[in-house]
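Peer 1:
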Amino acid sequence: MIQVTGVRFKKAGKIYYFDPDEHKLTLDDYVIVETARGIEYGEVVIPNKMVEMDDVVLPLKKVMRIANEDDHRNVEKNEEMAKDALSVCTNKIMDHQLEMNLVDVEYTFDRNKVIFYFTAEGRIDFRELVKDLAARFKTRIELRQIGVRDEAKLLGGIGPCGRMLCCSTFLGDFEPVSIKMAKDQNLSLNPTKISGLCGRLMCCLKYENDVYEDAKRGLPDMGEMVETVEGRGKVIGLNILEKLIRVALEENNQIVEFSFDEIIEEDAVTLSIPE
């Protein structure tokens, strides 16, 4: 077992484990830690706890110290400078007539680097832009191209459900979402109804997917021939949540809804939905 604390550097960002050392950290504490990008300021979202050694990637970097008022003021200053940098970079992009959309700007805690996040349809030759920015800000410049899902996470917004975007409020990582998930949940396959603001499939399709997959195990597929209490027929519809199955009977072509317990496989084993 090893003691760790979880730190997040951005709202709804990924959680990273650090060694708390001698610090007794609690929720909502702010700490200064060393990362691959240098010295960073982050929020404690998981207080000191013991975890298995296999659950973390060793060696863990130690928490340097709990953030003080000077650190808080430094972060606020960085945010103000980032707003100015956003305006300057936007104008430079227009000057160079580059086909790119600037999304966000971030200063590292120690101001050793300014990171510009942008989206673009393809590869962009921004060497001249970097030279101009380096001459203007007198520090290291990084231009990082991101995808449309990352853009939505950074900018935020209101989703089709009327709530703030999941990715910008609580989702730390993006999980794969497929059109099969929408099909399994009997949702409309109209792209405008199952896509989020980013234009990709909505992340929330993943939330209930495991329940639907468990419920479908052992059930007949669409188009499968089954035996019912009223005779043999073809499955033409499934309502997993209501535990109903729609069958077109062979004898009279009548369409009848049955409960799962009234559907019998060819080997006479009664089908039932997992609890």
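If you use this note's numbering, the sequence shown closes out at 277, no skipped numbers anywhere.
Note that the Cβ used here is the ideal one computed from N, Cα and C, for glycine as well.
Which word fits Phe172, buried or exposed, when buried means at least 16 other C-beta atoms lie within 10 angstroms of its C-beta?
Peer 2: Flag for Phe172 reads exposed.
Peer 1: Can you tell me whether Ile196 is helix, strand or coil according to DSSP?
Peer 2: DSSP places Ile196 in helix when its eight states are reduced to three.
Peer 1: Count the other CB atoms, across all protein chains shown, that sit within 10 Å of the CB of Tyr109; report buried if there are 16 or more and exposed otherwise.
Peer 2: Result: buried.
Peer 1: Count the other CB atoms, across all protein chains shown, that sit within 10 Å of the CB of Val116; report buried if there are 16 or more and exposed otherwise.
Peer 2: Buried, because 16 or more other Cβ atoms sit within 10 Å of the Cβ of Val116.
Peer 1: In the DSSP assignment, find the beta strand (DSSP E) that holds Leu240 and state where it starts and stops.
Peer 2: Leu240 -> beta strand (DSSP E) spans Gly233 to Asn241.
Peer 1: How many angstroms separate the CA atom of Asp21 from the CA atom of Gly225?
Peer 2: Between Asp21 and Gly225, the C-alpha separation is close to 56 angstroms.
Peer 1: Is Asp227 buried or exposed, if buried means 16 or more other CB atoms sit within 10 Å of its CB?
Peer 2: According to the sequence as given, residue 227 is Met; it is not Asp. It counts as exposed.
Peer 1: Could you say if the region 44–61 and the region 4–17 meet the contact criterion of at least three C-beta pairs nearer than 8 angstroms?
Peer 2: Yes, since at least three Cβ pairs between the region 44–61 and the region 4–17 fall closer than 8 angstroms, the two stretches touch.
Peer 1: For the alpha helix (DSSP H) that contains Arg151, what are its first and last residues?
Peer 2: Val150 to Leu157 is the extent of the alpha helix (DSSP H) around Arg151.
Peer 1: Locate the alpha helix (DSSP H) running through Asn50, then write down its first and last residues.
Peer 2: From DSSP, Asn50 is part of no alpha helix (DSSP H) but of the beta strand (DSSP E) over Gly40 to Val53.
Peer 1: Comparing alpha-carbon positions, which option in Glu81, Asp106, Arg113 and Thr121 lies nearest Leu100?
Peer 2: Checked all of Glu81, Asp106, Arg113 and Thr121; the closest Cα to Leu100 is Thr121.
Peer 1: Is the CB-CB distance between Tyr209 and Gln187 below 8 angstroms?
Peer 2: Result no, Cβ atoms of Tyr209 and Gln187 do not sit closer than 8 angstroms.
Peer 1: Are the region 259–266 and the region 233–246 touching by the rule of at least three beta carbon pairs closer than 8 angstroms?
Peer 2: Segments in contact, yes.
Peer 1: Assign Thr7 to one of three DSSP states: helix, strand, or coil.
Peer 2: Correct three-state label for Thr7: strand.
Peer 1: Would you check if the region 189–197 and the region 139–148 touch, i.e. whether three or more CB-CB distances between them fall below 8 angstroms?
Peer 2: Contact fails: fewer than three Cβ-Cβ distances are below 8 angstroms.
Peer 1: To which residues of the same chain is Ser47 closer than 8 angstroms at the C-beta, ignoring the five residues directly before and after it?
Peer 2: The sequence shown places Val at residue 47, not Ser. Gly8, Val9, Arg10, Ile17 and Leu29.
Peer 1: In terms of DSSP beta bridges, what is Ile117 paired with?
Peer 2: Glu108 and Glu144.
Peer 1: Could you say which of Ile196, Asp175, Glu82 and Gly174 lies nearest to Met183 if we only look at CA atoms?
Peer 2: Checking every option, the nearest Cα to that of Met183 belongs to Ile196.
Peer 1: Looking at Cys91 and Leu118, is the spacing between their C-beta atoms short of 8 angstroms?
Peer 2: Looking at the sequence itself, residue 118 is Phe, so the reference to Leu does not match. Yes, the pair counts as a contact, with Cβ atoms nearer than the cut-off.
Peer 1: Going by beta carbon distance, what residues of the same chain come within less than 6 angstroms of Ile238, once the five residues before and after it are set aside?
Peer 2: Cβ neighbours of Ile238 beyond the five flanking positions: Arg248 and Ala250.
Peer 1: How close, in whole Å, do the beta carbons of Asp73 and Ile34 come, if the pair is a contact with beta carbons under 8 angstroms?
Peer 2: Going by Cβ atoms, the distance from Asp73 to Ile34 rounds to 6 angstroms, so yes, they are a contact pair.
Peer 1: Count the other CB atoms within 10 Å of the CB of Met204; is the residue buried (16 or more) or exposed (fewer)?
Peer 2: By the 10 Å Cβ count, Met204 comes out buried.
Peer 1: Could you tell me which residues DSSP puts in a beta bridge with Ile247?
Peer 2: Ile247 is bridged to Leu240 and Phe260.
Peer 1: Would you mind working out which of Phe128, Val53 and Pro222 sits nearest Leu145, comparing C-alpha positions?
Peer 2: Considering only alpha carbons, the answer is Phe128.
Peer 1: Could you tell me the alpha carbon to alpha carbon distance between Asp152 and Ser180, rounded to whole angstroms?
Peer 2: Taking the straight line from one Cα to the other gives about 18 angstroms.
Peer 1: Measuring alpha carbon to alpha carbon, tell me which residue in Ile143, Ile242 and Gly149 is nearest Leu221.
Peer 2: The option with the nearest alpha carbon to Leu221 is Ile242.
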